[in-house]
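Please read the structure below before turning to the comments.
Protein chains: 2
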Amino acid sequence: MPETPTPSSEENASQTVRALLRLREMILDGELSAGERISEPVVAELTGISRTPIRTALVRLQEEGLLEPIRSGGFRVRAFSLDEIRDAIEIRGTMEGLAARLAAERGVSSERLARLTACVDEIDAVLADDSGLSDTRFAAYVAGNARFHELLEQACDSDVLRRQLDRAKSLPFASPNGFLRVQAVAPDALNTLRIANAQHRALVEALSAREGSRAEALMREHARIAQRNLHATLANPGIKALIPGASLIVDS
Amino acid sequence: MPETPTPSSEENASQTVRALLRLREMILDGELSAGERISEPVVAELTGISRTPIRTALVRLQEEGLLEPIRSGGFRVRAFSLDEIRDAIEIRGTMEGLAARLAAERGVSSERLARLTACVDEIDAVLADDSGLSDTRFAAYVAGNARFHELLEQACDSDVLRRQLDRAKSLPFASPNGFLRVQAVAPDALNTLRIANAQHRALVEALSAREGSRAEALMREHARIAQRNLHATLANPGIKALIPGASLIVDS
DNA sequence: GTACGCCTGGATGTATACATAAAAAATATA
DNA sequence: TATATTTTTTATGTATACATCCAGGCGTAC
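Which chain is which? The protein sequence lines are A and B, in order. Numbering-wise, UniProt numbering puts 49 at position 49 of the first sequence, and it's gapless, one number per residue. Numbering-wise, UniProt numbering puts 246 at position 246 of the second sequence, and it's gapless, one number per residue.
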């Protein structure tokens, strides 16, 4: 009964990894609501995992920023104000800008440039047709977008920077894909996605020409798309649920 | 016997905190050398703390970046190449630049500006005398410098940014005080410290005038002092030991 | 002399027991 | 009825036991 019937990626993982994935899922899906104290025995009962691995998963999630420690012990689910989300996006843009600048200044190998170009081309191909944005096309865009940002991360060729970037992206609303579902429901969605990919293409150009300052500015501006989407969500709260981890957002 | 006779800050802390502090100390002091696998039973024996709190401290240190996981299990002490140190400093400068820009753009309260000004004044007072840089004067500079950077962190008034900044500063060589001892042994130490504080003062000016771009540029340039000190260390390996965590540095 | 395999020592990951301390509930009281 | 107080319940932090797995050494065979 406690066996996970899903043949997902959690098959042969350690208990700690399972606990981490499950807890993150519970937090982002709102099964554990913002501000709520997390009871280790309850989670242990719910997941069928003993307290020890759950405990280390909790520590990891605290470092990740999804949990905050309680003075008297234990953790609670972190709540995020709109200002904090704005700042998290700004941080991501700044870090991606840094990665882009360093990559441009230091030079990116032709293989990596080719992979980046191919990625941008693929996204353009997905967006080429003027007909409506179907679910499969949208999913393809999401995958392409994630891949592009991953390739940029690799292009800077720096482990310490990658670590910091990963951390900046770890909050769901700060991730490059965080607000895409919000963007997709806008009437001019296809257009804004094309503009975003134009920025991708411009970045590859800048990397190739070793234009560090331009590369940095581009990625900063690129992240502002998420800021716009955040504002769009404010104007139309009905679409708030499209944001991953929406239940963590609290108005301040 | 296993009682810590030092009345330090570790008195009434939890075992986990004690393990964290002790392990960090052991790593930075080179008691555990770079690349070495950390044996939990050995550390437990050495510290008189059971494996459980040590284990969570290890997880924290991994998130902090001082340890890296071993595929087959456990952790090893991370080794840092000069390139990685350079990047860590660059990241710190970029994040402090972001904090400065946001603080300037959003405005800093007059009380905070006053505290920043007072801090800069105090540092200038420490550096006023042209006589040699005594140990006590140097210690006063270190304290003032740490305080200034802490005040900047507060000035941006953003928890998410603070968290990310703390992380950027957590590597010893990336910290604002990381290379100060290297700087202090240079013949023109007093001068370079004065220049550094001039940058501090300029930042307060920029914050006060809400000049975001200038504030950002200043903190980026400010971090480059550490880069210069890093290069100075390369030219004169005899002073390498002045860097905290020197044993973690490996030439690549 | 070298390569292969087995075997022993030790380490990690996990579960669990227990003491302390906090939170919640229930009772008594103004 | 609201509040203060005591009691009960529950959670956390820590130590420890144990199974599995990895690493390294020793012996053997070629």
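The beta carbon of each residue, even a glycine, is placed where N, CA and C say it ideally should be. Since we're looking at a predicted model, the values are computed, not measured.
Give, in chain order, every unbroken run of the alpha helix (DSSP H) that is at least 4 residues long and sits entirely within the segment 116-149 of chain A.
none
Could I get the ranges of all uninterrupted alpha helix (DSSP H) runs contained in the UniProt domain "HTH gntR-type" (13-80) of chain A, with 4 residues as the minimum, in chain order?
15-28, 40-47, 51-64
State the Cα-Cα distance for the pair A/M26 and B/S134, rounded to the nearest angstrom.
56 Å
Is the beta carbon of A/L248 sitting closer than 9 Å to the one on A/A79?
yes
Given B/L242, which residues of its chain have a CB within under 6 Å of its CB, disregarding the five upstream and five downstream residues?
R181, V182
Exposure label - A/S158; buried when at least 16 CB within 10 Å
Buried, because 16 or more other Cβ atoms sit within 10 Å of the Cβ of A/S158.
With a cut-off of 8 Å, do at least 3 Cβ pairs link the segment 127-143 of chain B to the segment 182-194 of chain B?
yes
For a cutoff of 9 Å on Cβ pairs, would you count A/G65 as touching chain B?
yes
Do A/R76 and A/E31 have their C-beta atoms within less than 9 Å of each other?
no
Locate the alpha helix (DSSP H) running through B/R214, then write down its first and last residues.
212-235
Any C-beta of chain B sitting closer than 9 Å to the C-beta of A/E40?
no
Residues in the segment 152-164 of chain A with C-beta within 7 Å of chain B's C-beta atoms, listed in sequence order?
Within the segment 152-164 of chain A, the qualifying residues are S158, D159, V160, L161, R163, Q164.
Using a Cβ-Cβ cut-off of 9 Å, state whether A/T47 counts as contacting chain B.
no
Helix, strand or coil for A/I249 per DSSP?
strand
Do B/G93 and B/H231 have their beta-carbon atoms positioned less than 9 Å apart in this structure?
no
Among A/G132, A/I38, A/A226, the one whose alpha carbon lies nearest that of A/G178:
A/G178 has its Cα closest to that of A/A226, out of A/G132, A/I38, A/A226.
Do the CB positions of B/A196 and B/L207 come within less than 9 Å of each other?
no
Closer than 8 Å at the beta carbon, the chain B residues around A/L98
E90, I91, T94
Residue-chain proximity (A/D251, chain B), Cβ-Cβ < 9 Å:
no
Alpha-carbon to alpha-carbon, B/L98 and B/E105:
10 Å
Going along the chain, which residues of the segment 12-35 of chain B sit with their C-beta nearer than 8 Å to a C-beta in chain A?
Cβ contacts with chain A: none found.
I'd like the span of the alpha helix (DSSP H) that includes A/K169, first residue to last.
Annotation for A/K169: the continuous alpha helix (DSSP H) segment containing it runs 159-170.
Just checking my contact of A/I239 with A/A174 at CB under 8 Å: how many whole Å lie between their CB atoms?
Contact flag wrong, Cβ pair sits at about 18 Å.
Can you pull out the residues from the segment 225-236 of chain B whose beta carbon lies closer than 9 Å to at least one beta carbon of chain A?
none
Distance, B/R162 Cα to B/Q154 Cα
8 Å
Contact set between B/V59 and chain A, taken where Cβ atoms lie within less than 7 Å:
Taking a Cβ-Cβ cut-off of 7 Å, the neighbours of B/V59 in chain A comprise T56, V59, R60, given in sequence order.
For A/I38, which residues from the same chain have a beta carbon less than 6 Å from its beta carbon, with the 5 sequence-adjacent residues on both sides left out?
F75
Report the option in A/A198, A/L193, A/R51 whose CA atom is closest to the CA atom of A/P41.
A/R51
So which residues on chain B does A/A168 lean against when the C-beta distance must stay under 7 Å?
Q164
Could you have a look at B/N177 and say whether DSSP puts it in helix, strand or coil?
coil
Helix, strand or coil at B/D188 according to DSSP, with G and I counted as helix:
Coil, per DSSP.
Output yes or no for whether 9 Å exceeds the beta carbon distance between B/R22 and B/T47.
The Cβ atoms of B/R22 and B/T47 sit closer than 9 Å to each other.
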